[in-house]
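Sequential numbering from 631 applies to the sequence shown in the working numbering.
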Amino acid sequence: MPAPAERKGIEATKKMKGLMGGYFMELMGESASDKKVAWCTSVGPAELLIALGFNVYFPENHGAMLGATRMATDLIPLANARGFSPDICSYLTSDIGSYIKGESPFNKMNLPGPPKADVLVFNTNQCRDVQDWFQFYAREWDVPCIGVHTPRGIGDVDDIIIQGVARQIKALVEPLEQIAGQKLDYDKLKEVIGLSRECTELWKAILKTAANAPAPLTFFDATIQMGPAVVLRGTQGAIDYYKILLAELKQRIADGVAAVEGEKFRIYWEGMPIWGKLKPLSMQFMELSTAIVASTYCNSWIFDDLDPDKPFESMARAYSELFICRSDDRKEAYMETMIEKFKIDGVLYHDAKTCPNNSNNRYDMPQRLQAKTGKPFVVVNGDLNDLRLYSEEQTRTNIEAFIEQLAEG
Ligand code: SF4
631 MPAPAERKGI EATKKMKGLM GGYFMELMGE SASDKKVAWC TSVGPAELLI ALGFNVYFPE
691 NHGAMLGATR MATDLIPLAN ARGFSPDICS YLTSDIGSYI KGESPFNKMN LPGPPKADVL
751 VFNTNQCRDV QDWFQFYARE WDVPCIGVHT PRGIGDVDDI IIQGVARQIK ALVEPLEQIA
811 GQKLDYDKLK EVIGLSRECT ELWKAILKTA ANAPAPLTFF DATIQMGPAV VLRGTQGAID
871 YYKILLAELK QRIADGVAAV EGEKFRIYWE GMPIWGKLKP LSMQFMELST AIVASTYCNS
931 WIFDDLDPDK PFESMARAYS ELFICRSDDR KEAYMETMIE KFKIDGVLYH DAKTCPNNSN
991 NRYDMPQRLQ AKTGKPFVVV NGDLNDLRLY SEEQTRTNIE AFIEQLAEG
């Protein structure tokens, strides 16, 4: 009997844990800084908040931690009892459940739990749920909740959209200055945008290493490695870390080291991760000699358009070019390019029950894309955090059958 497959650890990860730990300490630790705290959606105007001197906290990161630690499934019903439907975003319901119960994965790090916000800043480019989520806390703590309403289903990101969104971001400056107790330093904003841009370029290069066959990292590695790109973009720490990670991955390529030993098949993951099942899924794919080499999700933190010389317009463009707020035609065109670039054999769509916004299998896209590219697909029903909506057995069987189909060519 062959030895069970083992995931190859990435050496740099230890440094990332230190970096993320430092960030959490600064926000919540005993010696937390006395900076004001702004909550921000994961693709919200973080650069503006950093430039205004806020400590920026991203609750979606907490949502993912609640999922990965499998605490979410027990906490969601508390939010449901409060009046939040079981059908809406399970980041939202697990985070609010965690607040109601006063339990958080941060407790295991000897931290008290998410920091109270002085202001909550959203961008609805990803969904409406983020606004409702933030408004819950705004009511709880009697603090302001402000944000940007980005159009969705965008075809061309044209001047009308850019100017509209840029104006909305500019309109945040004055209320944020009042809360921060300081004026916006435009040079600082440019500097932060420059750092964010550098972080994004490194993150893109890291994900691109998986275009190599065999791939030196998979989607499962990337869901962990993306932490700094989400919560520390706009800081030097993220840049320094990603330089180390990129060097390690390039070395893996030079040494012929594969993330999945004997890689035979290459898959694209479309949709949200299933946070509570990353490990068993990664093991199953490894046993099937299959590498998930690219995903829409991890690529969502690549902001090619950030430009320090055009701070507001470039933020508006970067945050409106996002896959999730584009039209199906644009999404398909993007995926076609990715399928080619990453030498994809098949596409896995995760239909996340509580996130229709990031589930792209519902309106015939898989069939259209298969007709165009000739690449087969499989749909996995599940959820990002609510494991009551996921059948491990059924998913295992579906994935096995899909890989058999690929093997039969
Ligand atoms: S995009 Fe989906 S997972 Fe993310 S906050 Fe919105 S509903 Fe939740």
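Backbone N, C-alpha and C fix where the C-beta goes; we use that ideal spot for every residue, glycine too.
For Thr-839, count neighbouring C-beta atoms within 10 Å of its own C-beta (all shown protein chains included) and say buried if the count is 16 or more, exposed if not. buried
Determine the DSSP secondary structure at Val-890, reduced to helix, strand or coil. coil
Give me the DSSP bridge partner(s) of Asp-981. Asn-1011
Nearest-angstrom Cα distance between Thr-723 and Glu-1038? Distance between the alpha carbons of Thr-723 and Glu-1038: 42 Å.
Rounded C-beta distance between Glu-898 and Val-1009? I'm assuming under 8 Å. The identity of residue 898 in the sequence shown is Tyr, whereas the question assumes Glu. With a Cβ gap of about 13 Å, Tyr-898 and Val-1009 do not count as contacting.
Which of helix, strand or coil DSSP assigns to Gly-1040: The requested residue 1040 is not part of the displayed model; the chain covers only 631 to 1039.
Is there contact here, the region 862 to 879 with the region 943 to 963, by at least three beta-carbon pairs under 8 Å? no
Give the DSSP bridge partners of Val-760, in chain order. Paired residue(s): none; Val-760 is not in a bridge.
Assuming the contact rule is C-beta atoms closer than 8 Å, Asp-935 and Ala-948 should be a hit. Round their C-beta distance to whole Å, please. The C-beta distance from Asp-935 to Ala-948 rounds to 4 Å, short enough to meet the 8 Å contact threshold.
What are the uninterrupted segments assigned as alpha helix (DSSP H) that are 4 or more residues long and contained completely in the region 760 to 806, given in chain order? none
Quick check on DSSP: helix, strand or coil for Cys-670? strand
Buried or exposed by the 16-neighbour rule on C-beta atoms within 10 Å, applied to Ile-932: buried
Inter-residue CB distance, Val-773 and Thr-671 (contact presumed, cutoff 8 Å): Going by Cβ atoms, the distance from Val-773 to Thr-671 rounds to 16 Å, so no, they are not a contact pair.
Cβ contact (3+ pairs, closer than 8 Å) linking the region 764 to 784 and the region 637 to 649: Contact fails between the region 764 to 784 and the region 637 to 649, because fewer than three Cβ pairs, one in each stretch, are under 8 Å apart.
Take Gly-674 as the anchor and find which of Ser-734, Thr-780, Gly-732 and Asp-975 has the nearest alpha-carbon. Thr-780
Expected contact under 8 Å - CB spacing of Ser-728 and Leu-678 to nearest Å: So it is not a contact: roughly 27 Å between Cβ atoms.
Look up Ala-924 in the DSSP assignment and give the residues it is bridged to. Tyr-898
Can you tell me whether DSSP reads Leu-918 as helix, strand or coil? Collapsing the DSSP output to three states places Leu-918 in coil.
Secondary structure of Tyr-993, DSSP reduced to three states: coil
With 16 other CB atoms within 10 Å as the buried threshold, where does Thr-1027 fall? exposed
Contact test: Leu-1014 Cβ vs the ligand SF4 heavy atom, cutoff 7 Å: Yes.
State the Cα-Cα distance for the pair Lys-647 and Ile-869, rounded to the nearest angstrom. Cα to Cα, the separation comes out at about 15 Å.
Using 8 Å as the cut-off, can you tell me whether the region 884 to 894 makes contact with the region 801 to 819, which would need three or more C-beta pairs spanning the two stretches below that distance? no
How would you label Thr-853, buried or exposed, when you count the other beta carbons within 10 angstroms and need 16 or more for buried? When all chains shown are included, Thr-853 counts as buried.
Only counting the same chain, and skipping five residues up and downstream in sequence, which positions put a Cβ closer than 6 Å to that of Trp-763? Leu-722
Does the structure place the region 978 to 990 close enough to the region 1001 to 1019 that three or more beta carbon pairs sit under 8 Å? Yes: at least three Cβ pairs fall under 8 Å.
I need the DSSP call for Tyr-687, collapsed to helix, strand or coil. strand
Using a Cβ-Cβ cut-off of 7 Å (strictly less than) and excluding sequence neighbours within five positions of Met-902, which residues of its own chain qualify? Tyr-927, His-980, Ala-982, Cys-985, Asn-988 and Leu-1014
For Asn-988, name the three-state secondary structure that DSSP assigns. helix
Where does Arg-637 fall in DSSP's three states? coil
Confirm the yes/no value for this check: CB of Met-902, any heavy atom of the ligand SF4, distance under 7 Å. yes
Quickly, what does DSSP pair Asn-737 with across the bridge? List them, please. Per DSSP, none; premise fails for Asn-737.
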